[in-house]
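Heads up: the protein sequence lines correspond to chains A and B, in order. Residue numbers for the first sequence follow my numbering, so the first one is 479 and each next one is one higher. Residue numbers for the second sequence follow my numbering, so the first one is 479 and each next one is one higher. Cβ atoms here follow ideal geometry from the backbone N, Cα and C, with glycine treated the same way. Just so it is clear, the structure is predicted and the values come from calculations on it, not from any experiment. Structure first, then comments.
2 protein chains.
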Amino acid sequence: MADIDLSALTEEVVSRFDSTPDARLRRVMQALVRHLHAFARDVELTEAEWFKAIEFLTATGQTCTPTRQEFILLSDVLGLSMLTVGLNGSKPAGCTEPTVFGPFYVADAPAYGDGEDVANGAPGTPCTVRGTVRSRDGAPIANARIEVWQADDEGQYDVQKQGLEHAQARGVLHSRHDGGFHFRTIVAEPYPIPTDGPVGTLLGHTRRSPWRPAHLHFRISAPGYQTLVTHVFRAGDEHLGTDPVFGVRESLIAEWPRQADGSHRLDFDFVLNPDA
Amino acid sequence: MADIDLSALTEEVVSRFDSTPDARLRRVMQALVRHLHAFARDVELTEAEWFKAIEFLTATGQTCTPTRQEFILLSDVLGLSMLTVGLNGSKPAGCTEPTVFGPFYVADAPAYGDGEDVANGAPGTPCTVRGTVRSRDGAPIANARIEVWQADDEGQYDVQKQGLEHAQARGVLHSRHDGGFHFRTIVAEPYPIPTDGPVGTLLGHTRRSPWRPAHLHFRISAPGYQTLVTHVFRAGDEHLGTDPVFGVRESLIAEWPRQADGSHRLDFDFVLNPDA
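Pasting the structure below:
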């Protein structure tokens with residue numbers, strides 16, 4: 479027992495994790511303590527600021543529901559989500575780049591057959607999406623699981639809509655034997671991330687735009703390949719340079735040309751990385 | 479608009495806070511981003527670990543209630559609370575040292591007169607507390623507001639007790655014109671911090687003791703003086719060296735001698751620092 483000198487406090491806290499049986503948990507917690515303390519010392523955190531942070535984190539947790547994940551949104555706007563993707567998603571040239579997962583994925587979306595309409599009544603301008611799923615060597619990947627989800631032209635995902643009981647603009651497809659796929663949906667439009675919670679308050683106080691550039695989410699998985707989580711963005715979108723979640727990658731921006739009948743069309747091919 | 483290179487991502491996120499009108503908020507957020515990203519890069523955070531962290535923080539927020547603050551508890555066990563106290567509480571020699579606030583303070587505790595019993599039915603061995611409140615120059619401080627709170631001998635604060643509708647072992651007193659004060663209560667005993675929430679799970683996985691050494695909380699405020707938040711600990715307590723919240727300071731440990739009638743007695747004087 480001894481008085482804890484403030485200058486020695488950080489190493490005292492670190493040492494209390496020395497008996498953690500799981501070596502990885504020990505390393506993560508000890509690094510967390512060192513970086514967290516370095517932050518507080520760097521800014522000379524005041525007690526009033528500390529308490530505001532406690533209140534902010536509490537409100538963030540209490541804003542989460544089964545269909546809303548405010549802590550993922552917080553991670554997104556701090557760039558931590560995209561950094562984590564980058565730290566884990568380094569892939570060889572030629573593979574499709576990953577981007578952030580986002581807070582609106584649903585694991586058990588309805589299944590659709592090739593060519594079907596996943597919009598399922600979501601308001602928006604019709605759009606046809608075609609593409610292929612291939613391995614890095616160009617070989618087609620048959621029966622890849624292709625999960626897609628997006629906001630409608632009112633800027634909302636189905637899970638954000640009060641009283642909507644079924645999935646809209648969200649579905650699961652599988653690639654054909656030639657690796658190709660094809661589905662109908664609505665065209666992606668820009669939308670603001672939710673601004674009615676603590677993260678929206680933070681964006682307001684820091685004068686950051688909540689508008690995400692238009693995008694269509696993909697999660698593509700197949701046995702023997704690393705699962706790909708990504709978006710496809712629309713060329714020319716005015717919000718591409720200020721995406722609040724830092725998800726834009728040049729290689730994920732595509733043309734979505736308008737067709738003679740007023741609908742749009744997106745052609746985009748995906749390349750998966752084989753498991754190590 | 480440009481592709482965000484992963485190596486440049488951190489500075490891109492930092493730059494998005496450049497337009498924050500409040501200079502202090504801008505500094506805090508930019509430092510937070512740099513330290514948070516440094517942590518993720520340092521440990522090469524995996525996506526599975528990131529998601530566990532999201533779940534942990536969400537559960538921590540959802541464990542909070544009007545009478546339970548799991549985020550303060552998390553800050554306490556990571557040493558952040560004590561670090562913040564230390565960064566702000568540096569006082570001249572002779573002043574009573576501050577320590578952590580803890581999650582069980584209640585702002586509107588009942589008022590008691592000098593010599594009254596704040597236990598108010600809380601189970602435990604009777605204890606009489608006497609002391610004085612003085613300025614750094616030794617002058618008595620009359621009418622200082624003295625808030626006290628503590629756990630009972632079952633290890634629980636009143637706000638943790640199901641169905642208890644009134645305050646126990648918690649009250650507000652005022653010093654006399656000579657700076658003295660005197661109240662009756664129960665003797666402080668060691669107790670474990672709550673282990674049924676996310677913070678308890680963390681302590682379990684890291685094999686850390688949840689037992690706090692016995693202590694009595696004080697918050698003492700008076701016009702013209704810095705408010706003092708501190709505890710008084712009991713000499714000889716076996717948990718003084720492993721306090722899970724890092725609150726022990728040598729100068730805050732006192733004898734609580736047993737009296738002939740079986741009750742205990744604590745004498746402790748407090749010295750407040752005048753406002754700058």
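Membership of B/E625 in the beta strand (DSSP E) is indicated by the continuous run 623 to 627. As the crow flies, the alpha-carbon of A/V723 is around 51 Å from that of B/L651. The DSSP assignment places 604 to 613, 623 to 627, 648 to 652 as complete runs of the beta strand (DSSP E) inside the stretch 585 to 653 of chain A, in order along the chain (cut-off: 3 residues). Excluding residues up to 5 positions away in sequence, I731, E733 lie with their Cβ nearer than 6 Å to the Cβ of B/A713 in the same chain. Each residue's CA atom was taken as its position, placing B/V637 and B/V707 some 19 Å apart. Selection B/E728, B/T679, B/C605, B/H709 evaluated against B/D739 yields B/C605 as nearest (Cα-Cα). Under the three-state reduction of DSSP output, A/F582 falls in the coil class, being neither helix nor strand.
Under the three-state reduction of DSSP, B/H515 is assigned to helix. A distance below 7 Å separates the beta carbons of A/T536 and B/C542. Put simply, the backbone Cα of A/S493 is about 13 Å away from that of B/S687.
Residue state for B/V723 is assigned as coil, using DSSP reduced to three classes. For A/N621, the number of other beta carbons within 10 angstroms of its own is below 16, and it is reported as exposed. In the DSSP annotation of this structure, B/G702 is not part of any beta strand (DSSP E), being labelled neither H nor E. Contacts with chain B at 7 Å (Cβ-Cβ) include A/F549. Considering only B/A518, B/G580, B/F746, B/Q628, the residue with the shortest C-alpha distance to B/G657 is B/F746.
Interface residue (Cβ-Cβ distance to chain B less than 7 Å): A/R690 is not classified as such.
In the DSSP assignment, B/H717 falls outside any alpha helix (DSSP H) and carries neither an H nor an E. Proximity of A/F495 to chain B, defined by a Cβ-Cβ separation below 7 Å, is satisfied. A contact is defined here as three or more CB-CB pairs under 8 Å, and the stretch 625 to 633 of chain B meets this definition with respect to the stretch 664 to 671 of chain B.
Buried is the label assigned to B/P691, since at least 16 other Cβ atoms lie within 10 Å of its Cβ.
Only E527, W528, I532, L535, T536, A537, T538, G539, Q540 from the stretch 526 to 540 of chain A bring a Cβ to less than 8 Å from some Cβ of chain B. Excluding the 5 residues flanking it on each side, A/T603 has same chain C-beta neighbours closer than 8 Å at D631, I664, V665, G740, S741, H742, in chain order. Between the stretch 511 to 525 of chain B and the stretch 508 to 525 of chain A there are three or more inter-stretch CB-CB distances shorter than 8 Å, so the stretches are counted as touching. With respect to B/G649, B/P588 sits close: the two C-beta atoms are nearer than 7 Å. Here B/F534 has P676 as same chain residues with Cβ atoms under 7 Å from its own Cβ, once five neighbours each way along the sequence are excluded.
Using a CB distance below 9 Å, the part of the stretch 506 to 520 of chain A facing chain B consists of V506, M507, A509, L510, V511, R512, H513, L514, H515, A516, F517, A518, R519, D520, ordered along the chain. About 37 Å separates the CB atoms of A/R505 and B/S497; that is not less than 8 Å, and the two are not in contact.
Given a length threshold of 3 residues, each whole run of the beta strand (DSSP E) inside the stretch 728 to 753 of chain A is given here in chain order: 742 to 745, 748 to 750.
For the stretch 564 to 580 of chain B, residues whose beta-carbon sits nearer than 7 Å to a beta-carbon of chain A comprise G564, L565, N566. Beta-carbon to beta-carbon, B/G557 and A/T524 are separated by about 17 Å, too far to satisfy the 8 Å threshold. A direct Cα-to-Cα measurement between A/G616 and A/L503 gives close to 39 Å. Closer than 7 Å at the C-beta level to chain A, one finds these residues of the stretch 674 to 686 of chain B: H683, T684, R685, R686. Chain order gives no chain B residues near A/P544, where near means a beta carbon separation below 8 Å; the closest approach is about 11 Å.
In this structure, B/L744 lies away from B/V596, with their beta-carbon atoms at least 7 Å apart. Taking each of B/G609, B/Q640, B/A518, B/V555 in turn and checking the Cα distance to B/V710, the smallest one comes out for B/G609. Close CB contacts of B/N751 within its chain, under the 7 Å cut and outside five residues either way in sequence, are with K569, P570, C573, R614, Y703, Q704 (chain order).
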